[in-house]
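S.K.: If you read the sequences in order, they're chains A and B. For the working numbering, add 318 to where a residue sits in the first sequence, where the first one is 1. For the working numbering, add 318 to where a residue sits in the second sequence, where the first one is 1.
Number of protein chains: 2
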Amino acid sequence: MPRYDGVSRSVIKRLPRYYRFLGELLHKDVTRISSRELAQLMQLTASQIRQDLNCFGGFGQQGYGYNVAALHREIGNILGLENATPIILVGAGNLGRTLARHMKFEYDGFRLIGIFDSDPALVGQGVRGLSISGMENLADFCEEKKPRAAILCIPRESAQKTVELLIQNGIRCFWNFTHFDINLSFEDVIVENVHLGDSLMTLCYHINAADGESVSGA
Amino acid sequence: MPRYDGVSRSVIKRLPRYYRFLGELLHKDVTRISSRELAQLMQLTASQIRQDLNCFGGFGQQGYGYNVAALHREIGNILGLENATPIILVGAGNLGRTLARHMKFEYDGFRLIGIFDSDPALVGQGVRGLSISGMENLADFCEEKKPRAAILCIPRESAQKTVELLIQNGIRCFWNFTHFDINLSFEDVIVENVHLGDSLMTLCYHINAADGESVSGA
């Protein structure tokens with residue numbers, strides 16, 4: 319894949335959203351869009367959009383706008399979605415199983431190739447066409463199938479030990495649902511955290527802040 | 319609750335993480351911590367921490383550090399966690415039911431008081447001590463119980479109509495798992511989005527960018 323040096327984290331964070339919006343436009347058979355129209359749709363400014371996309375060489379043509387299909391494809395390439403990176407799920411409790419069933423991994427650039435859990439009661443159960451394996455099979459599996467990444471849906475208490483085991487088996491990329499900050503304990507890891515509780519507390523703050531405003535504004 | 323004007327979104331985004339780390343320190347019976355130690359633990363700088371907490375009046379004492387219990391309680395107050403804001407879940411499919419079971423709502427400032435779904439096959443089923451209700455009961459329920467917020471776990475296609483209905487019934491705050499950008503269609507709403515697909519694509523980008531680096535660095 320092409321490399322883009324020095325692109326800021328916040329631009330990268332916006333790319334999936336561009337990808338989603340462009341995918342919806344494609345779905346509605348929109349073939350061309352100006353940065354002004356796209357900006358309006360996404361509640362950004364046109365200059366923000368031009369700046370963002372210029373980080374990757376820019377795709378627009380003055381007075382013509384963006385070719386929706388080409389831009390969608392190109393952002394997909396930048397994100398590396400076509401690589402279908404092999405990923406495993408570790409922790410097949412309620413949340414893990416739901417993610418396995420719910421996520422469109424192929425659309426988001428991954429291929430779910432294995433599910434692991436330490437609970438013997440879960441081993442052998444089928445989820446999304448895969449059979450849950452015991453943790454004792456992890457090493458052989460990684461040796462053979464070379465997964466690049468792991469989804470972590472395990473209790474906080476076992477997180478450190480599990481991440482150590484995964485790193486020993488060549489996995490350094492994590493989609494982390496555990497309340498354990500992996501990059502504070504391990505170096506050279508790639509982590510994308512989903513702290514659902516933090517998100518809910520942020521909502522709580524904004525609701526209560528709004529209440530405060532309407533009281534004091536009365 | 320007290321009001322804090324002009325506090326930036328990024329500071330607010332960090333508050334739940336402070337709250338989590340301080341909760342863990344409390345759990346380990348740590349009673350006092352310097353901004354330097356807290357910074358090391360959270361991989362922030364000490365001056366960042368002092369700056370963040372100064373937005374709310376500051377809680378530290380020169381040469382003494384922070385009182386962990388007091389700071390934890392105070393951040394909880396700022397977040398409004400003690401209000402136990404009443405929230406309902408709309409959409410009791412796999413993801414919705416899992417969230418209902420998985421989340422520690424009380425810890426994160428909410429009280430789950432109702433679950434709704436349009437699928438007659440789900441109505442009447444019990445989840446976390448609540449019985450799933452049909453959407454036709456929503457209006458009466460809101461009239462009586464006054465929920466402030468809704469968790470949205472519904473298909474994208476029905477999102478616009480469902481949000482309209484919720485707003486008609488006095489709910490303007492959303493924890494949104496749907497690929498529908500609520501604040502692009504409705505004004506005066508408070509939305510916290512969890513776009514799991516965007517998060518997974520971001521991970522995909524970083525994995526592939528790292529691969530690109532090791533290739534070009536070889």
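No residue lacks a Cβ here, since even glycine has one placed at the ideal position from N, Cα and C.
Have a look at the DSSP bridge pairing and note the partners of Asp435 (chain B).
M.R.: DSSP lists B:Gly452 as partners of Asp435 (chain B).
S.K.: Is any heavy atom of the ligand ZN found at a distance shorter than 7 Å from the C-beta of Asp347 (chain B)?
M.R.: Ligands are entirely absent from the displayed structure, and the ligand ZN is therefore not among its contents.
S.K.: Got a sec: which bits of the segment 355-378 of chain A sit with their beta carbon under 9 Å from any beta carbon on chain B, in order along the chain?
M.R.: For the segment 355-378 of chain A, which is checked against every Cβ of chain B, the residues closer than 9 Å are Leu359, Met360 and Gln361.
S.K.: Verify the CB distance criterion: does Cys460 (chain A) have a CB-CB separation below 8 Å to chain E?
M.R.: Of the protein chains in the structure, A and B, none is chain E.
S.K.: Using a Cβ-Cβ distance under 8 Å, would His420 (chain A) count as near chain B?
M.R.: Closer than 8 Å: yes.
S.K.: Please classify His390 (chain A) as buried or exposed, where buried requires at least 16 neighbouring CB atoms within 10 angstroms.
M.R.: His390 (chain A) is buried by the Cβ-count criterion.
S.K.: When you compare each of A:Gly488, A:Ala402, A:Glu482 and A:Leu484 to Tyr523 (chain B) by their alpha carbons, which one comes out closest?
M.R.: With distances taken between Cα atoms, Tyr523 (chain B) lies closest to A:Ala402.
S.K.: Roughly how far, in whole angstroms, is the beta-carbon of Gly398 (chain B) from the beta-carbon of Gly427 (chain B), given that I think they are within contact range, below 8 Å?
M.R.: The Cβ separation is near 6 Å, so the contact holds.
S.K.: Nearest to Arg474 (chain A) by CA position, among A:Glu461, A:Asp458 and A:Asp499, is which residue?
M.R.: It is A:Asp499.
S.K.: Closest Cβ-Cβ distance between Phe498 (chain B) and chain A: below 8 Å?
M.R.: No, because no Cβ of chain A sits closer than 8 Å to the Cβ of Phe498 (chain B).
S.K.: How close, in whole Å, do the beta carbons of Phe459 (chain A) and Val481 (chain A) come, if the pair is a contact with beta carbons under 8 Å?
M.R.: Wrong, their Cβ atoms sit about 17 Å apart, outside the cutoff.
S.K.: What are the residues that DSSP puts in a beta bridge with Leu407 (chain B)?
M.R.: Beta-bridge pairing links Leu407 (chain B) to B:Ile433 and B:Ile469.
S.K.: Grab me the residues of His497 (chain B)'s own chain with a C-beta within less than 6 Å of its C-beta, minus the 5 sequence neighbours each way, in chain order.
M.R.: Excluding residues within five positions, the ones whose Cβ falls inside 6 Å are Arg474.
S.K.: Please tell me whether Val408 (chain B) and Phe434 (chain B) are closer than 8 Å, where the distance is taken between their beta carbons.
M.R.: Result yes, Cβ atoms of Val408 (chain B) and Phe434 (chain B) sit closer than 8 Å.
S.K.: Start and end of the beta strand (DSSP E) containing Phe492 (chain B)?
M.R.: Where Phe492 (chain B) is concerned, the enclosing beta strand (DSSP E) stretches over Cys491 to Asn494.
S.K.: Within its chain, find whatever has a CB closer than 7 Å to the CB of Arg332 (chain B); leave out the 5 residues flanking it on each side and keep chain order.
M.R.: The answer, listed in chain order, is Asp370.
S.K.: Within 10 Å of its beta-carbon, does Thr349 (chain A) have 16 or more other beta-carbons around it, so buried, or fewer, so exposed?
M.R.: That one is exposed.
S.K.: Determine the closest residue to Asn487 (chain B) out of B:Gly452, B:Ser476, B:Ala467 and B:Trp493, with distance taken between C-alpha atoms.
M.R.: Comparing Cα positions, the closest option is B:Ala467.
S.K.: Using the C-alpha atoms, what's the distance from Asn526 (chain A) back to Asn455 (chain A)?
M.R.: Roughly 48 Å between the two C-alpha positions.
S.K.: Determine the contact status of Val512 (chain B) and Ser328 (chain A), defining contact as a CB-CB distance below 8 Å.
M.R.: Going by C-beta atoms, Val512 (chain B) is not nearer than 8 Å to Ser328 (chain A).
S.K.: Just the Cα atoms here: how many angstroms apart are Leu470 (chain A) and Leu413 (chain B)?
M.R.: Their backbone Cα atoms lie some 17 Å apart in a straight line.
S.K.: Give, in chain order, every residue of the segment 510-529 of chain A whose Cβ lies closer than 8 Å to some Cβ of chain B.
M.R.: For the segment 510-529 of chain A, which is checked against every Cβ of chain B, the residues closer than 8 Å are Glu510, Val512, His513, Leu514, Gly515, Asp516, Ser517, Leu518, Met519, Thr520, Leu521, Cys522, Tyr523, His524, Ile525, Asn526, Ala527, Ala528 and Asp529.
S.K.: What are the boundary residues of the alpha helix (DSSP H) that includes Glu342 (chain B)?
M.R.: Element bounds for Glu342 (chain B): Arg327 to His345.
S.K.: Hey, could you find the ends of the alpha helix (DSSP H) Glu392 (chain A) is sitting in?
M.R.: It spans Val386 to Leu397 - the alpha helix (DSSP H) in which Glu392 (chain A) sits, taken as one unbroken run.
S.K.: Which residues in the same chain have their Cβ closer than 7 Å to the Cβ of Gly411 (chain A), if we skip the five residues on either side of it in sequence?
M.R.: Around Gly411 (chain A): Cys471.
S.K.: Could you check the C-alpha separation between Arg419 (chain A) and Lys346 (chain B) for me, to the nearest Å?
M.R.: About 37 Å.
S.K.: Count the other CB atoms within 10 Å of the CB of Ser451 (chain A); is the residue buried (16 or more) or exposed (fewer)?
M.R.: So Ser451 (chain A) ends up on the buried side.
S.K.: Hey, quick one: how far does the alpha helix (DSSP H) through Asn412 (chain A) stretch, first residue to last?
M.R.: Residues Asn412 to His420.
S.K.: Check each candidate in A:Pro438, A:Ala439 and A:Arg415 and name the one with the smallest Cα separation from Gly447 (chain A).
M.R.: When only C-alpha atoms are compared, the closest one is A:Arg415.
S.K.: At the level of alpha carbons, what is the spacing between Ser353 (chain B) and Leu340 (chain B)?
M.R.: If I take the Cα positions, the gap works out to 12 Å.
S.K.: May I have the straight-line CA-CA distance separating Leu521 (chain B) from Glu461 (chain B), to the nearest angstrom?
M.R.: Taking the straight line from one Cα to the other gives about 43 Å.
S.K.: Once you ignore the five residues that flank Tyr538 (chain A) on each side, which residues in its own chain have a CB closer than 6 Å to its CB?
M.R.: Outside the shown range of chain A (319 to 536) lies residue 538 (chain A), about which nothing can therefore be said.
S.K.: Could you please tell me which residues of the segment 321-343 of chain A, in chain order, have their CB closer than 8 Å to any CB of chain B?
M.R.: Cβ contacts with chain B come from Arg321, Tyr322, Ile330, Lys331, Leu333, Pro334, Arg335, Tyr337 and Arg338.
S.K.: Identify which residue in B:Lys464, B:Ala387 and B:Phe492 has its Cα closest to the Cα of Ala477 (chain B).
M.R.: It is B:Phe492.
S.K.: Within 10 angstroms of its Cβ, does Tyr382 (chain B) collect 16 or more other Cβ (buried), or is it exposed?
M.R.: Tyr382 (chain B) comes out exposed.
S.K.: What number of angstroms, rounded off, separates the C-alpha of Arg338 (chain B) from the C-alpha of Glu424 (chain A)?
M.R.: About 33 Å.
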